[in-house]
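Chemist: Residue 146 is where the sequence shown starts when you use the numbering used here, and the numbers rise one by one after that.
All residues carry an ideal CB built from backbone N, CA and C; glycine is no exception.
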Amino acid sequence: MRAGGGASPRPAPLPAVTSATATLLVPASVAMPPPRLAHLLLLPLRSAAPHPLAPNPWRPLPGPLRPSLLFLPRAMAGAAHAGVATASAEYEEVLGRLGSLITQKVRADTGNRGNQWELMAKYVQILELEEPIAQLKVVHVAGTKGKGSTCTFAESILRSCGFRTGLFTSPHLMDVRERFWLDGLDISEDKFIRYFWWCWNKLKDKTGDDVPMPAYFRFLALLAFKIFSDEKVEVAVLEVGLGGKYDATNVVRAPVVCGISSLGYDHMEILGNTLGEIAAEKAGILKKGVPAYTVPQPEEAMSVLMRRASELGVSLQVVQPLDPQKLEDQPLGLHGEHQYMNAGLAVALANTWLEKQGHLDRIHVKHSDTLPHQFIEGLSSACLQGRAQIVPDLQVNSENDKDGNSSLVFYLDGAHSPESMETCARWFAHVTNNDRIQLGSLKRPHADRNSRKILLFNCMTVRDPQRLLPCLLDTCAQNGIHFEQALFVPNQSQYNKLGSLASPPSEREQIDLSWQLSLQRVWESLPHNNEGLNGANSSRASSVFESLPLAMQWLRETAQQNQSTQFQHFGILSCESRVLDA
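1. Once DSSP output is grouped into helix, strand and coil, what is the label at R363?
2. Can you find the residues in the same chain that come closer than 7 Å, C-beta to C-beta, to E275, ignoring five residues on each side of it along the sequence?
3. With DSSP run on the structure shown, which of helix, strand or coil describes A560?
4. When we look at the beta-carbon of N636 and count the other beta-carbons within 10 Å, is it buried (16 or more) or exposed?
5. Beta-carbon within less than 8 Å of G433's beta-carbon, same chain only, minus the 5 sequence neighbours each way: which residues are those?
6. Identify whether C403 lies in helix, strand or coil by the three-state DSSP scheme.
7. If I follow the unbroken alpha helix (DSSP H) through T497, where does it start and stop?
8. Determine the direct distance from the alpha carbon of D331 to that of D468, and round the result to whole angstroms.
9. Threshold first: 4 residues or longer. Then list the alpha helix (DSSP H) segments lying entirely within the segment 329-365, N to C.
10. For a quick check, are the C-beta atoms of T394 and G386 less than 8 Å apart?
11. Confirm the yes/no value for this check: CB of T515, any heavy atom of the ligand GDP, distance under 7 Å.
12. If you compare alpha carbons, which of P610, T515 and S688 is closest to E629?
13. Following the continuous alpha helix (DSSP H) through P610, name the residue where it begins and the one where it ends.
14. In three-state DSSP terms, what is H480?
15. Using only CA atoms, which one of V634, P615 and F633 lies nearest to H627?
16. From what residue to what residue does the alpha helix (DSSP H) around E422 run?
17. I'd like to know whether the C-beta atoms of S562 and Y340 end up nearer to each other than 8 Å.
18. Have a look at L700 and C621 and give me their C-alpha separation to the nearest angstrom.
19. Closest to V560 by C-alpha separation, out of P610, G244 and A527, would be which residue?
20. Looking only at DSSP bridge pairs, what is Q470 linked to?
21. Specify the secondary structure class of H317 as computed by DSSP and reduced to three states.
22. Less than 7 Å between C-beta atoms, sequence neighbours within five positions excluded: which residues of the same chain meet that for A488?
23. Express the C-alpha separation of S406 and L420 in angstroms, rounding to a whole number.
24. Could you check where the alpha helix (DSSP H) with F520 kicks off and where it finishes?
25. My output table needs one value for W262: the three-state DSSP class, helix, strand or coil.
26. Between which two residues does the alpha helix (DSSP H) containing V667 stretch?
27. Tell me where the alpha helix (DSSP H) around V435 begins and ends.
28. Starting from I656, follow the alpha helix (DSSP H) in both directions and report where the run begins and ends.
29. Sort D474, L318, V382 and A287 by Cα distance to K427 and report the nearest one.
30. According to the Cβ coordinates, are V464 and V440 closer than 8 Å?
31. What do you reckon, are the CB atoms on R507 and C306 nearer than 8 Å?
32. How would you call Q462, buried or exposed, if buried means at least 16 neighbouring beta carbons within 10 angstroms?
33. Look at the alpha carbon of I278 and the alpha carbon of S374, and state the distance between them as a whole number of angstroms.
34. Count the other C-beta atoms from every protein chain shown that fall within 10 angstroms of the C-beta of L505, then say buried if there are 16 or more, exposed otherwise.
35. Output the distance between the C-alpha atoms of A176 and E691, rounded to the nearest integer angstrom.
36. Spatial neighbours of V424 within its chain, please: CB distance less than 7 Å, with the 5 preceding and 5 following residues excluded, ordered by chain position.
Dropping the structure here:
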């Protein structure tokens, strides 16, 4: 759960789990290496139509791994970490209604990029939100990479300045309420239920064949407007969900300030195949007379942004990465060198919001070469799960590491485009090459000759692994990082419901691993030019697991079995945020 109230973020421990017997599924030709310890990089999961690369055959692999399948109910926004009771029955009903709004249409099938965007105006009218939305003091941010981090930084800065803040962001990791922040905290379950039914019932009464119920994200955006209006937030920070021009958040006609973070290739089936087309969609949030900021962009994208800004009479200013010296030796709350770019954009947005609202008198600067202390506090206390996040495994480390060292550590990031893969790889190399890093009160060595680095990976089937995996592997290799093994897991396991009370099926499901096997084939087709710990080329070793819990159990058992003589370390790089709940 994200930290709020300006408190310093703490690494979230991974809870202990229980197990039950199951089968490990990998190609018969792939043998699992002897268990040893490693750095583990965990990278994102979701599901869609099968990719043409996906093969069909798979069969169980015999071996000494003693696999087990873990049944884990979903935790509500970190409830599993704190021992909080599971969701109420009414909340489960709410989540079920929300789930009914998820459309099964493949996004690339739509010929209308707006996808009946004009319906948003009708929904706003039904909910009588025209005036409430107009009254919100909005910071609106679009972009391909970094828009969520930028919004998190901006919200934290303005909250540190003493304002009541609302933040709408996406996606959520474990609980849908993570998308709605009030004063830096997820909205409470009681409030969420109350506002949900208010919106749901009004829309159900007024929609039908001509005006259908809004799709999932549109409903959530409408819900955010209702929440922020009724909760009387003084500033609403809105992260665009997809694109900009036709995004549900773009019903805001007069934001206080707009921002466009780094642009790249993503969601091309909707936004277009060139950076120019993508930039045109993102520029759709720019409004006449509203100040706007962006970061350095590729020339093709920048020219489109500037042209659109000129057409609107908007002065689009380019913000450089934040100078770390302006932080008075305080670290950013979000890790990674790339976050200085997002922080620079957030500072510009927050400063302009304060200026336009006549609140510059609230900030105090100690020295001309540093930021106001409220800005430093906000930037250093910002917290967002799943972005360059380092999470020691509580189960393994608490049982075996009496000296405070961690032998199993997960490095989480939601990278899902070629550019973000490169950024993720540079971050992973930086933190694992450092001799020592501080994780709250937990110190542990990162670099060790005997440490192993493992990749835990999956991606949506609409993405191209032949573009993603080479970027990750090449950038890691350029920075001296070589993976000993890659693990591929499906994004769906025994729990497919949105709620936290989901029960396992009476009989074990037959899980389709064709996409994971295709990812494995791409990985093994890539050149691996490094030697592993045994002097052999071990980077080619890879495995497909039937579920994330099964992969997690194998990692934990392996780490525990290798605690004997010499200290060795697991570093798991993962784009799989569900590790936080495993």
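Modeler: With the given structure in hand:
1. Note: R363 maps to helix in three-state DSSP.
2. Hits under 7 Å: V269.
3. Shown here, A560 sits in coil according to DSSP, grouped into three states, outside any helix or strand.
4. Within 10 angstroms of the beta-carbon of N636 lie 16 or more other beta-carbons, which makes it buried.
5. Residue identity differs from the one stated: residue 433 is Lys in this sequence, not Gly. If we look at K433 and ignore the five residues flanking it on each side, its Cβ neighbours are L457, G458 and V459.
6. If DSSP states are grouped into helix, strand and coil, C403 belongs with the strands.
7. Note, T497: alpha helix (DSSP H), Q484 to K501.
8. Cα to Cα, D468 sits roughly 31 Å from D331.
9. Runs found: 334-351.
10. Yes, these two residues count as a Cβ contact at 8 Å.
11. Of the ligands one can find in the structure shown there are none, so the ligand GDP has no counterpart to examine.
12. Nearest option by C-alpha distance: S688.
13. Counting along the chain, the alpha helix (DSSP H) containing P610 begins and ends at P610 to Q623.
14. The DSSP-derived three-state label of H480 is coil.
15. For the residues V634, P615 and F633, the minimum Cα distance to H627 belongs to P615.
16. Membership of E422 in the alpha helix (DSSP H) is indicated by the continuous run L420 to K427.
17. Their beta carbons are not under 8 Å apart, which means S562 does not touch Y340 by this criterion.
18. Distance between the alpha carbons of L700 and C621 is about 22 Å.
19. What sits at residue 560 in the sequence shown is Ala, not Val. Among P610, G244 and A527, the Cα nearest to that of A560 belongs to P610.
20. Per DSSP, Q470 has no beta-bridge partner at all.
21. H317 carries a coil assignment under DSSP once its states are collapsed to helix, strand and coil.
22. Contacts found: F298, L467, L477 and L524.
23. Between L420 and S406, the C-alpha separation is close to 14 Å.
24. F520: member of the alpha helix (DSSP H) spanning H518 to S526, first to last residue.
25. Coil at W262, not helix or strand.
26. First-last of the alpha helix (DSSP H) with V667: S659 to S670.
27. Here V435 belongs to no alpha helix (DSSP H), and DSSP marks it neither H nor E.
28. Note, I656: premise wrong, no alpha helix (DSSP H); not H, not E.
29. Sorting D474, L318, V382 and A287 by C-alpha distance to the C-alpha of K427 places A287 at the top.
30. Between V464 and V440, the CB-CB gap stays under 8 Å.
31. Yes, these two residues count as a Cβ contact at 8 Å.
32. It counts as exposed.
33. The alpha-carbon atoms of I278 and S374 are separated by roughly 7 Å.
34. With fewer than 16 other Cβ atoms within 10 Å, it is exposed.
35. Its pLDDT being 35, under 50, A176 is placed unreliably in this model, and the value from its coordinates should be taken loosely. The alpha-carbon atoms of A176 and E691 are separated by roughly 16 Å.
36. Before going on, a small fix: residue 424 reads as Ala here, not Val. If we look at A424 and ignore the five residues flanking it on each side, its Cβ neighbours are L408, A446, V449 and L450.
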